[in-house]
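Here is the structure we will look at, set down as structure tokens.
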Amino acid sequence: MEKKNKKELDLTNFTDEVVAAYPSKVGKKRAKSIVINDPDAIPKIQANIRTIPGIITQRGCTYAGCKGVVLGPTRDIINITHGPIGCGYYSWLTRRNQTRADKPEMENYIPYAFSTDMQDSNIVFGGEEKLKQAIREAHELFHPKGIAIFSTCPVGLIGDDVHRVARQMKEEFPEVNIFGFSCEGYRGVSQSAGHHIANNGLYKNLIGNNDNPKRKHKYAVNVLGEYNIGGDAFVIEDLFEKIGVDIIATMSGNSTLEQFETAHTADFSLVMCHRSINYVAEMLETSFGIPWAKANFIGADATAKTLRKVGQYFGDQELMDRIEVVIAEEMETVNTAITKAKAKTEGKTAMMFVGGSRAHHYQELFTELGMEVLVAGYEFGHRDDYEGRRVMPTIQIDADSRNIEEITVVPDPTRFNPRKSEEELAQLKEAFDIEFNEYKGMMTDMKKGTLVIDDLSHFEMEKLIELYKPDVFCAGIKEKYVVQKMGIPMKQLHNYDNGGPYAGFKGAINFYKDIEMIACSTIFKQMKAPWESEEFVSAEYVFN
Amino acid sequence: MLLRHTTAFEIDRKALTINPAKTCQPVGAMFAALGIHGCLPHSHGSQGCCSYHRSALSRHFREPIMAGTSSFSEGSSVFGGSANLVQAIDTMFTVYKPEVIAVHTTCLSETIGDDLVQIVSKANEDGLVPEGKYVIHCNTPSYVGTHVTGYSNQVAAFVKFFSTATPKKRNVINIAAGWMEPSDMREIKRLTTVMEARTIMFPDMTDVLDAPLDGHYKMYPTGGTTIEDMKLTGDSKFTLGLGHSCTEDACIKLDNKCKVKFEMLDIPIGFKATDRFLMSLSRHANVPIPQSLNDERGRLIDLISDSSKYLYGKRVALWGDPDTLIPLVEFLVSMDMKPVYIVTGTPSKYFDTKMPELLKDIPEAKFKSGELADMFRMHQWIKQEGVDLLIGNTYGKYIARDENTPFVRFGFPIADRPGHNYFAKTGYDGGANLVKQIMDAFLEHYDRTCLEEKVEFQL
């Protein structure tokens, strides 16, 4: 039986439909962020620019990107939010970055929220003294290895200097690494600015502090931009253990201070979330000579491809053989799972609006399920995440990007050591098509005629669903219940609806099952009461 | 252990809040604004605030939470957010067509001193506010008070902008509703219907944050206090304020503005607070309390008496907001339980005077409100001497697991269980629901952890 039921949709009118409903200036601006894709001649998309006030955006702030995303998952640093109570509160256990501190004596501060809880007197007279006192108290109570300070909006405005406080407190407690982040919410246009600020801080304060990593195997990599949502990083760790390659640092799911400090000793960096961590990948390359390549562990094929890349990079036949054995073993169960799920999912359609990588990565999984991605977009991506890094030189630096510190990174005088020569890298590209220090973006992998939308508004989301009725819509918690009220299944790709892990082969199987569940879930057929249907004929008792 | 760094050893903390029992003002303002029909809350600050608040409320209610943001950039932080707010007002009225936009501030816009009166009047002058529509505002600096203060400020703003006294007084009682679930409000409205009292509840989250799934998304759900009703609150004959921290300010404003007298009551959690609510309503609406409510009360007393063996003397730790903690502690004491540790991050004089009264027969009880009254401190007290039950929001699950202690979820946020917006904890029926949850927590825990020979068919 022909199961394919692909909707022949013309998405070209969408822009006109939505633009007309906006005030004219707003419409003109939004039109540049909505493009019809052509993978052979990738069109320019407007991205990483200010959100229009009042449009109802998915985006968050710089603090969320810095503290919430990049530094939050590290388990042995005490993260103190310097500001009124809200920011620290909302970033307390609200992302699903799982943490495993195996032994009771190992640190794990993840279930804690630390805040200076600034009051009006601190706003008027300054909050530096309170921050210092908070650090002293954190030290007295917990004796942590590291303390990080995160600035919220008012901190920058009243002129508290968190970096000076960090330096002073480091003098008081020389055994503790104390450092600050100027990640006030108003900097930049989204979480993305916070990623950049966090990356700079990692490089300035942590990376390279320790030359003695814990090693077990001959080869070692970093897995960058993997935040262990739902346990994804655990799956990746297991896979690398199976193939016999060390992960020096995962940034930053289930990470430790030591992992950051020794990251420069790895020989290869795999970049999962390009948007949030590409700066560190580049810094490791420039400063220590570690090449990086884009990796993807979302999707079984993508996982296999990424593992093969590792084998090819190290050029060790034994390793490559081991990788093939692992892939073959895992793919058997994967294929059974795909066949089962595909019976329910093939031909269905999906839309996804998440993050700065997920909207790209998850297309792999939907493709494996025989589903079509009609529309996709990022919440805080840049043009390079859409069109590929080739456009980076042409991206205009606006005022919002200019206020993020650009740090100068130079080769480390003693430890710069190119792991591969230019020739070797060229050979690897030639032989295995491994692109180093490159990301080709989402749009090359999307079909011609699909729609790409940056910084989707609530209105646009409603219109997309109303016009094209996808079988599943993917976004985050703020969109979750809106979409479901429309009777459309909604899959959260930030917190996985408490599912997962979705990374690697095992994760792919979890995902197939969850999407199959969505496709088979019957509750949305019950939205109308039986008496609302046409067949129901109302009758009444007649009393004599 | 999850909270492996928490020990019984307390230091005299002055600056570091750990695991807060409060959050910031704007989320309360956003929540309260959802209780007005056709209202779109708007956060005047960085877009992260709005995103965090929408997420927090969405996780808790599992319902759409809509709100706009002024999306401050560094430029607007330096030069002021006027242009952002004016543009936001235009965009929201054009695209989302609310009846009213309820603007609240943030620590950012407060620190730079944005003048909302001036900005909103500019939007009006520019013709951006359509005929018959409203832009109202309240100041909710995050560095003053807590989420409870934000709720209170928003409710007071409804009075300030809408309540109007006309010469025609109406035989209606206003119910200014404090921070509670739509289920709790629905139960209170049911009680007023049973009493045949005419009331206006504001704000009113029923049919907003417990909306049915019927395949049609409504940006402005059917519920919420209508603006028409909100205006009419000025003509009502009396106001009952439920929850001092959340509604007293609004009640005072309504009295000053429209000469509607008021009485402050606790949120009717437990039979004593419910008794007081019904008697007050009876008195002010001049309606009798029907026998059916005696029966409801009797059923609750019956349930408590049946469960007394398991409740008597049990030590309880609670955290949350003053308006709910006060009647909750009273309810526990009235069931012969022992609330021994109570913390709220929200400063409240009423809490500080009420607690010693309620706990006068429990000398070992400790309580703290305001700054540094956090869950870390409460957990330290628990480490010093354990408790039999925890009652509070989802953040308690980490303590519950570490200390192997039964746990009843209550308050905000509850992010890991459904149903709190469906099943009331107010009124006699709500009290019964709460007793059942407490009993379930005790007995499930006992059945799972007791020795095999102690497992019994009947408990």
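One line per chain: the protein sequences are E and P, in this order.
With my numbering applied, the first sequence covers 18 to 561.
With my numbering applied, the second sequence covers 68 to 526.
Even glycine gets a Cβ: it sits at the ideal position worked out from N, Cα and C.
> Is residue 423 of chain P buried or exposed, if buried means 16 or more other CB atoms sit within 10 Å of its CB?
Replying inline: Flag for residue 423 of chain P reads exposed.
> Does DSSP put residue 411 of chain P in a helix, in a strand, or in coil?
Replying inline: strand
> Going by Cα to Cα distance, which pick from P/459, P/210, P/328 and P/433 is closest to residue 505 of chain P?
Replying inline: P/459
> Taking the runs of the alpha helix (DSSP H) that are 4 residues or longer, which of them lie wholly in the region 214-261 of chain E?
Replying inline: 249-260
> Which residues does DSSP pair with residue 106 of chain P in a beta bridge?
Replying inline: P/167
> Taking residue 402 of chain E as the reference, which of E/458, E/116, E/427 and E/445 has the closest Cα?
Replying inline: Nearest in C-alpha terms to residue 402 of chain E, of all of E/458, E/116, E/427 and E/445, is E/458.
> Considering only the beta carbon of each residue, do residue 166 of chain E and residue 99 of chain E sit closer than 8 Å?
Replying inline: yes
> Would DSSP call residue 132 of chain E helix, strand or coil?
Replying inline: strand
> Mind pulling the chain E residues with CB within less than 7 Å of residue 71 of chain P?
Replying inline: 121 and 125
> If you drop the 5 nearest sequence neighbours on each side, which residues of the same chain put their C-beta closer than 6 Å to that of residue 298 of chain E?
Replying inline: 241, 286, 288 and 309
>> Suppose the cutoff is 6 Å on Cβ atoms and the five residues either side in sequence are ignored; what does the same chain contact list for residue 77 of chain P look like?
In response: 447
> Rounded to a whole number of angstroms, what is the C-alpha to C-alpha distance between residue 396 of chain E and residue 519 of chain P?
Replying inline: 54 Å
> When DSSP labels each residue in this structure, what does residue 118 of chain E get in the three-state scheme?
Replying inline: coil
> Quick one: complete alpha helix (DSSP H) runs, 4+ long, within the region 385-451 of chain P?
Replying inline: 389-401, 416-425 and 442-451
> Pick from E/257, E/120, E/96 and E/26: whose alpha carbon is nearest that of residue 133 of chain E?
Replying inline: E/96
>> Let's test the definition: count the other Cβ atoms within 10 Å of the Cβ of residue 75 of chain P and tell me whether it reaches 16, buried, or not, exposed.
In response: Exposed, because fewer than 16 other Cβ atoms sit within 10 Å of the Cβ of residue 75 of chain P.
> Tell me the DSSP bridge mates of residue 194 of chain E?
Replying inline: E/163
> Leaving out five residues before and five after residue 218 of chain E in sequence, what residues of the same chain have Cβ atoms less than 7 Å from its Cβ?
Replying inline: Take residue 218 of chain E, set aside five residues on each side of it, and the residues of its chain with a beta-carbon closer than 7 Å to its own are 196 and 198, in chain order.
> What in chain E is Cβ-close to residue 121 of chain P, meaning under 7 Å?
Replying inline: 495
>> Looking at chain P, is there any beta carbon in it that lies within less than 8 Å of the beta carbon of residue 73 of chain E?
In response: yes
> Can you give the Cα-Cα distance for residue 377 of chain E and residue 315 of chain E, rounded to whole angstroms?
Replying inline: 10 Å
> Anyone know if the C-beta pair for residue 597 of chain E and residue 163 of chain E falls short of 8 Å?
Replying inline: Because chain E here runs from 18 to 561, residue 597 of chain E falls outside it and cannot be looked at.
> Distance, Cα to Cα, residue 301 of chain P vs residue 236 of chain P?
Replying inline: 8 Å
> Taking buried to mean at least 16 other C-beta atoms within 10 Å of its own C-beta, is residue 388 of chain P buried or exposed?
Replying inline: buried
> Listing by chain order, which chain E residues have their CB less than 7 Å from the CB of residue 78 of chain P?
Replying inline: Within chain E, the residues near residue 78 of chain P are 154, 157 and 158.
> Exposed or buried, residue 268 of chain E, counting other C-beta atoms within 10 Å across all chains shown (16 or more means buried)?
Replying inline: buried
> Are the C-beta atoms of residue 186 of chain E and some chain P residue less than 8 Å apart?
Replying inline: no
>> Taking 8 Å as the threshold (beta carbon to beta carbon), is residue 420 of chain E in contact with chain P?
In response: yes
> Any residues in the region 433-453 of chain P with a beta carbon nearer than 7 Å to a beta carbon of chain E? Which ones, in chain order?
Replying inline: The residues in question are 438.
>> I want to verify the contact list: residues of chain E whose CB lies under 9 Å from the CB of residue 151 of chain P, in sequence order.
In response: 70 and 71
>> Please state whether the Cβ-Cβ distance between residue 260 of chain E and residue 343 of chain E is less than 8 Å.
In response: Closer than 8 Å, so yes.
> For residue 505 of chain E, which of helix, strand or coil comes out of DSSP?
Replying inline: coil
>> Tell me the rounded alpha-carbon separation between residue 421 of chain E and residue 204 of chain E.
In response: 7 Å
> Ends of the alpha helix (DSSP H) at residue 523 of chain E?
Replying inline: First-last of the alpha helix (DSSP H) with residue 523 of chain E: 521-537.
> Given residue 545 of chain P, which residues of its chain have a CB within under 6 Å of its CB, disregarding the five upstream and five downstream residues?
Replying inline: Residue 545 of chain P is absent from the structure shown; chain P starts at 68 and stops at 526.
> Three-state secondary structure (DSSP) at residue 241 of chain P?
Replying inline: strand
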